[in-house]
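Each residue of the sequence shown is one higher than the one before, starting from 70 at the first, in our numbering.
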Amino acid sequence: MLRDDTSAEERIGSRDLTHWRTPAGRRLAAWVVRQAIGVARWSAAHVALVVTALVGGAAAVALTAVAAEVYDAVTEADGIAGLDQPVLDQAIAWRSPGLDHAITLYTDIGGPIGMPIVAVVLTALMVWRWRSRTPLMLIVIAAIGSLAMTTTGKALIGRNRPPLADAVPPYETSPSFPSGHTLNATVIAAVLVYLLLRRLDAAWARTAAVVVGAVFVVTMGLSRVFLGHHWLTDVVAGWALGLGWAAAVITAHRLFLTVRRAAPTPGL
Numbered sequence: 070m071l072r073d074d075t076s077a078e079e080r081i082g083s084r085d086l087t088h089w090r091t092p093a094g095r096r097l098a099a100w101v102v103r104q105a106i107g108v109a110r111w112s113a114a115h116v117a118l119v120v121t122a123l124v125g126g127a128a129a130v131a132l133t134a135v136a137a138e139v140y141d142a143v144t145e146a147d148g149i150a151g152l153d154q155p156v157l158d159q160a161i162a163w164r165s166p167g168l169d170h171a172i173t174l175y176t177d178i179g180g181p182i183g184m185p186i187v188a189v190v191l192t193a194l195m196v197w198r199w200r201s202r203t204p205l206m207l208i209v210i211a212a213i214g215s216l217a218m219t220t221t222g223k224a225l226i227g228r229n230r231p232p233l234a235d236a237v238p239p240y241e242t243s244p245s246f247p248s249g250h251t252l253n254a255t256v257i258a259a260v261l262v263y264l265l266l267r268r269l270d271a272a273w274a275r276t277a278a279v280v281v282g283a284v285f286v287v288t289m290g291l292s293r294v295f296l297g298h299h300w301l302t303d304v305v306a307g308w309a310l311g312l313g314w315a316a317a318v319i320t321a322h323r324l325f326l327t328v329r330r331a332a333p334t335p336g337l
């Protein structure tokens, strides 16, 4: 039987996840609590769904603006987009058969087969070890949003990838912007790190988890540029969108914990 979070899991170190430090955060939490009390007959899953939809909707507006700004730079060939070709040229200069093969194997971890396997295995281990439904709930929400953003972004923008002559096989033909490997790896890694931080007592262990997660996200994105499968701006957009969506999912979970503490009813 899987359980909800315990009181110990409502903290990261000494920080209480239901304590909102900023005025905007406190106002948001107070509003959500009032709404949840009004529908206290609903189950925790319903409350979590409403909160996620509200926070995710606001985040989607902000993330769309970020993607639009990056894409404007791409189409106008200014700002960060001016680095696309020089960065690719430098990557080509660094390539060698052995390095190309090693990085291809690594980038496959973040692909449409590798990343779901990693997410499923790690989530299953967390659910089994902790006897908690929280990892499953958050990873499913995070993955659905991540895949939706990747699919929608590629369909709407339809940017071409770097020329095949500049890429390392196997080649990819789907639209380039944003980088799906980068976006999905960022979302899943960020949520998994958040879940781990709530269980790690030692400060060094929490620091190590953050560092490992950050290194994975950064290197996964850079591997796409190195292999010529994406432009640098595709990867930057993937990082920005992924971090934004992960922040929305984590905020939704913190709001859920806040509501549960403020309105402990049978439905919650």
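By construction, the Cβ of each residue, glycine as well, lies at the ideal position given by its N, Cα and C atoms. Here the structure is a predicted model, which is why all the values come from computation and not from measurement.
### Query
Who are the Cβ neighbours of R323 in its own chain at under 6 Å, not counting the five residues just before and after it?
Excluding sequence neighbours, R323 sits near L86.
### Query
I think L261 touches L191, with their Cβ atoms under 8 Å apart; what is that distance to the nearest whole Å?
Right, the Cβ-Cβ distance comes to about 6 Å (below 8 Å), so this counts as a contact.
### Query
What span of residues does the alpha helix (DSSP H) with V237 cover, start to end?
Premise fails: V237 is in no alpha helix (DSSP H) and is neither H nor E.
### Task
Tell me the start and end of each unbroken alpha helix (DSSP H) in the region 199-244 that is at least 4 residues and wholly inside, in chain order.
Counting only unbroken stretches of 4 or more residues, the alpha helix (DSSP H) elements lying wholly within the region 199-244 are 203-226, in sequence order.
### Message
Report the CB separation of G82 from R202 in whole angstroms; it is logged as a contact under 8 Å.
### Response
About 23 Å separates the two Cβ atoms, so there is no contact after all.
#### Entry: Helix, strand or coil at R90 according to DSSP, with G and I counted as helix
Of the three classes helix, strand and coil, the one that applies to R90 here is coil, per DSSP.
### Task
Could you give the DSSP three-state label for D85: helix, strand or coil?
D85 falls in the strand class under three-state DSSP.
### Task
For R80, write down the residues that DSSP places opposite it in a beta bridge.
Residue pairing of R80 in beta bridges, as defined by DSSP: D85.
### Query
If you draw a straight line from the alpha carbon of W199 to that of V156, how long is it in whole angstroms?
Inter-residue distance for W199 and V156 is about 44 Å (C-alpha atoms, whole angstroms).
### Query
Counting along the chain, where does the alpha helix (DSSP H) carrying A254 start and finish?
Annotation for A254: the continuous alpha helix (DSSP H) segment containing it runs G249 to L266.
### Message
Among E241, L266 and A258, whose alpha-carbon lies nearest the alpha-carbon of E79?
### Response
Its Cα nearest to that of E79, the residue L266 stands out among E241, L266 and A258.
### Query
Beta carbon of S245, beta carbon of D303: below 7 Å?
Taking 7 Å as the cut-off, the beta carbon of S245 is found closer than this to the beta carbon of D303.
### Query
Considering only C-alpha positions, which residue in the set A254, I178 and P239 is nearest to V305?
Comparing Cα positions, the closest option is A254.
### Message
Pop quiz: S76 and T176 are said to be a contact at Cβ under 8 Å. What is the actual Cβ separation, rounded to whole angstroms?
### Response
Not a contact, Cβ separation roughly 41 Å.
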